[in-house]
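K.L.:
Protein chains in written order, with my numbering: chain A, 897 to 950; chain B, 621 to 853.
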């Protein structure tokens, strides 16, 4: 929900961010950051084990 | 083949010798496939301990996303754009298709990054890595054509943003993003089959070669050379 609020109404035109020649829509940037975050969590979070596996 | 009869007594048809059976393509294909993939290898009960990783969960989530994409895509194909743009059930199935592709691409990228840092091409697994990369690139094309056939203003915007770039590299005459019919047929007939075949090929290669083991420690004490008497003195 915070992401939806941050990116504005999904029924309207997208919000674009620009730094010089770099331009990206806020929704695309959020998706990329979430992907990186999920990858970091997938590497760092311990995988649950059954007691029998030990 | 009809059974021959002599003097009213049924006679069994002549059986080809074993070497003839062995040369038949059905025999060779069966022997080759089930020799490489016995049932316990296709559906194993246990895996090595290092397979217990979130990276492989995302590999399976990618397959789950693909199945959801195919099922929801079939419903969209049968019902058509008018239905999925105007009815509430159509909106729901359209959204399922959209979010399935988000799940599919995100899971595949996380799986790909993880396998890259594991150097998953080690141990004669180069083709497993290559088919994974092919699945990724063909999925980009499939998703792109999907966004082009939404039949809304966004798909028009994407098409007319993309056409100049594609024309600049010379593929416009064969891959015309402004041709909605071509994009629709590629998206629903060809590209999902390509992705599906590559994914199945990838999974079969994983089953054949197994999951890549972890990279060994560079300074494993067991690998240290034993000091010679001269070195000690």
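Think of the CB as a built atom: it goes at the ideal place given N, C-alpha and C, for glycine as much as any other residue.
Can you list, in chain order, the residues of its chain with a C-beta nearer than 7 Å to that of residue 793/B? Leave out the 5 residues immediately preceding and following it.
P.N.:
Here residue 793/B corresponds to residue number 173 of the second chain, with the count starting at 1. Within the same chain, residue 793/B has no close Cβ partners at all.
K.L.:
Residues in its own chain within less than 6 Å of residue 853/B by CB, not counting five upstream and five downstream?
P.N.:
As a first step, residue 853/B must be located in the second chain, where it is residue number 233. Since pLDDT at residue 853/B reaches only 38, below the 50 mark, its modelled position is unreliable, and no value is offered.
K.L.:
Which residues, in order along the region 920-948 of chain A, keep a beta-carbon less than 8 Å from a beta-carbon of chain B?
P.N.:
Listed in sequence order: 927, 930, 931, 934, 935, 937, 938, 939, 941, 943 and 945.
K.L.:
Quick one: which chain A residues come within Cβ less than 9 Å of residue 663/B?
P.N.:
As a first step, residue 663/B is located in the second chain; it is residue number 43 there, counting from the start. Within 9 Å Cβ-Cβ: nothing; residue 663/B doesn't reach chain A, min ~20 Å.
K.L.:
Cβ atoms of residue 922/A and residue 913/A: under 7 Å apart, would you say?
P.N.:
Working through the first chain from its first residue, we reach residue 913/A at position 17. Working through the first chain from its first residue, we reach residue 922/A at position 26. Contact flag set, yes.
K.L.:
For chain A, check one thing: does any of its Cβ atoms lie closer than 7 Å to the Cβ of residue 733/B?
P.N.:
Residue mapping note: residue 733/B aligns to position 113 of the second chain, counting from 1. So, interface residue.
K.L.:
I need the boundaries of the beta strand (DSSP E) containing residue 914/A, first residue and last residue.
P.N.:
Numbered from its first residue, the first chain carries residue 914/A at position 18. Where residue 914/A is concerned, the enclosing beta strand (DSSP E) stretches over 912-915.
K.L.:
How would you write the range of the beta strand (DSSP E) that residue 934/A sits in, first residue to last?
P.N.:
Start at 1 with the first residue of the first chain, and residue 934/A comes out as number 38. Careful: residue 934/A lies outside any beta strand (DSSP E), inside the alpha helix (DSSP H) at 922-940.
K.L.:
Which bits of chain A does residue 726/B rub up against, with CB to CB less than 7 Å?
P.N.:
Here residue 726/B corresponds to residue number 106 of the second chain, with the count starting at 1. Correct list: 931 and 934.
K.L.:
Give a yes or no on whether 7 Å exceeds the smallest Cβ distance from residue 684/B to chain A.
P.N.:
Position 64 of the second chain, counted from the start, is the residue given in the question as residue 684/B. Not closer than 7 Å to any Cβ of chain A, the Cβ of residue 684/B fails to qualify, so no.
K.L.:
Please list, in chain order, all residues of the same chain as residue 745/B whose beta carbon is under 7 Å from its beta carbon, the five residues on each side excluded.
P.N.:
For the purposes of this step, residue 745/B is taken as the residue at position 125 of the second chain. Correct list, in chain order: 829 and 832.
K.L.:
Does the Cβ of residue 676/B have 16 or more other Cβ atoms within 10 Å, making it buried, or fewer, making it exposed?
P.N.:
The sequence position of residue 676/B within the second chain is 56, counting from 1. So residue 676/B counts as buried.
K.L.:
Is there a C-beta anywhere in chain A that falls below 7 Å from the one on residue 674/B?
P.N.:
Residue mapping note: residue 674/B aligns to position 54 of the second chain, counting from 1. It does: the Cβ of residue 674/B has a partner Cβ on chain A nearer than 7 Å.
K.L.:
Taking only three categories from DSSP, how would you classify residue 790/B?
P.N.:
Here the question's residue 790/B lines up with position 170 in the second chain. Looking at residue 790/B - three-state DSSP - the assignment turns out to be coil, as it is neither helix nor strand.
K.L.:
Leaving out five residues on either side along the sequence, give the residues of the same chain with a beta carbon under 7 Å from the beta carbon of residue 723/B.
P.N.:
The sequence position of residue 723/B within the second chain is 103, counting from 1. Counting only Cβ-Cβ distances below 7 Å, and skipping sequence neighbours, we find 681 and 685.
K.L.:
What runs of the alpha helix (DSSP H), each 4 residues or longer, lie entirely inside the region 733-810 of chain B?
P.N.:
Runs of the alpha helix (DSSP H) inside the region 733-810 of chain B: 746-768, 773-788 and 800-805.
K.L.:
Looking at C-beta atoms only, is the number of pairs between the region 760-769 of chain B and the region 793-810 of chain B that lie closer than 8 Å three or more?
P.N.:
They touch, by the three-pair rule.
K.L.:
Would a check of beta-carbon distances place residue 831/B closer than 7 Å to chain E?
P.N.:
Note that chain E does not occur in the displayed structure, where the protein chains are A and B.
K.L.:
Closer than 9 Å by beta-carbon distance: list the chain A residues that pair up with residue 736/B, in chain order.
P.N.:
Along the second chain, read from residue 1 onward, the residue named residue 736/B stands at position 116. Simply none; closest approach about 11 Å.
K.L.:
Decide if residue 728/B is buried, meaning its Cβ has at least 16 other Cβ atoms within 10 Å, or exposed.
P.N.:
Walking along the second chain from the start, residue 728/B turns up at place 108. Buried, because 16 or more other Cβ atoms sit within 10 Å of the Cβ of residue 728/B.
K.L.:
For the alpha helix (DSSP H) holding residue 648/B, just list the boundary residues, first then last.
P.N.:
The residue given as residue 648/B occupies position 28 in the second chain. 645-656 is the extent of the alpha helix (DSSP H) around residue 648/B.
K.L.:
Out of curiosity, what's the CA-to-CA distance linking residue 791/B and residue 651/B?
P.N.:
The residue you call residue 791/B lines up with position 171 of the second chain. The residue you call residue 651/B lines up with position 31 of the second chain. Going by the C-alpha atoms only, they are around 43 Å apart.
K.L.:
Would you be able to state if there are at least three C-beta pairs under 8 Å between the region 706-717 of chain B and the region 754-763 of chain B?
P.N.:
Not touching, per the Cβ criterion.
K.L.:
Assuming residue 694/B contacts residue 827/B (C-beta within less than 8 Å), just tell me the rounded distance between them.
P.N.:
On the second chain, position 74 is the one that residue 694/B refers to. On the second chain, position 207 is the one that residue 827/B refers to. The pair is not a contact, with the Cβ atoms about 27 Å apart (cut-off 8 Å).
K.L.:
Name the chain A residues whose beta carbon is nearer than 8 Å to that of residue 716/B?
P.N.:
Along the second chain, read from residue 1 onward, the residue named residue 716/B stands at position 96. By Cβ distance, chain A contributes nothing, its closest Cβ being about 16 Å from residue 716/B, past 8 Å.
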